[in-house]
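Numbering of the sequence shown is given in my numbering, commencing with residue 12 and proceeding in unit increments. C-beta atoms are modelled at their ideal positions from N, C-alpha and C, and glycine is treated no differently. Please read all numbers here as calculations on a predicted model, not as lab measurements. Report on one structure; see the data block that follows.
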Amino acid sequence: MPDSAPPSGTTLRPSLASLAAAPTTTTVRRLWKAISPEDRALGVSASLNDDENGWVKNTTRAAVAAALKFRPQTVGTWPKAKLVSEAVRLPIDDAQLLSAYLVDLHLGHRRPMMGAFLDTLGIKNEDGRIDSETTEVPEQDAERIAAAADALVKTYPVEEVVTYFLTLLLQDAAIWAGVTPWLERRAL
Numbered sequence: 012m013p014d015s016a017p018p019s020g021t022t023l024r025p026s027l028a029s030l031a032a033a034p035t036t037t038t039v040r041r042l043w044k045a046i047s048p049e050d051r052a053l054g055v056s057a058s059l060n061d062d063e064n065g066w067v068k069n070t071t072r073a074a075v076a077a078a079l080k081f082r083p084q085t086v087g088t089w090p091k092a093k094l095v096s097e098a099v100r101l102p103i104d105d106a107q108l109l110s111a112y113l114v115d116l117h118l119g120h121r122r123p124m125m126g127a128f129l130d131t132l133g134i135k136n137e138d139g140r141i142d143s144e145t146t147e148v149p150e151q152d153a154e155r156i157a158a159a160a161d162a163l164v165k166t167y168p169v170e171e172v173v174t175y176f177l178t179l180l181l182q183d184a185a186i187w188a189g190v191t192p193w194l195e196r197r198a199l
């Protein structure tokens, strides 16, 4: 066996490996802290871009203002890039807001990966998005998920796949419980 390091994108950062080792104990806050600052920036940006009613923007501004002890009106004057940069850097504790960032990270930047996974499982989707009004997703089988996941990591970085699976568990642990054995094996 060669002593060289694994190819880029095939290993997990320790913080994600720890969550993958015990996926059922993962929380939104722990996952948010475990992903890279670059992924956090992608998630915040995607959420702000997809913010139809302004809830994400207003809640992000309020969270950043509170963390910095600034007035929300001051933060409201900042350009989007500064708001994103501060939201990534600061300890935001609003689980609903962090959940929006995690979901939008995937919907905004990883739809091809999501679509490939869902297609392999035979789940109707539109470029990775499941229409919950027309599609009922049954509980997923661990063996089918493992095969789909193994195929996915041949094309996409393992950290992206693990982050996606942990996000799925946070969204609906009953339906996606089948990702747990794959995550636990991946963390070894």
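Cβ contact annotation for D61 (same chain, cutoff 8 Å, sequence separation greater than five): V67, D115, L118 and G119, in chain order. By the criterion of a C-beta distance shorter than 6 Å, T178 is surrounded in its chain by L113, once the five residues flanking it on both sides are discounted. Only exposed fits Q107, as fewer than 16 other CB atoms lie within 10 angstroms of its CB. Exclusion of the five residues before and after T85 leaves A76 as the residues of its chain whose Cβ lies within less than 8 Å of its Cβ. From the listed residues D152, S110, T36 and L109, the smallest Cα separation to L129 is found for D152.
Of all alpha-carbon atoms in V148, V173, L181 and D161, the one lying nearest the alpha-carbon of S26 is that of V173. Bounds of any alpha helix (DSSP H) do not take in G133, whose DSSP letter is neither H nor E. Looking at the DSSP output, R140 shares a beta bridge with E137. In this structure, DSSP gives N64 a state outside helix and strand, which the three-state scheme calls coil. Counting only residues of its own chain and dropping the five nearest sequence neighbours on each side, L101 has a CB closer than 8 Å to the CB of A74, V75, A78 and L79.
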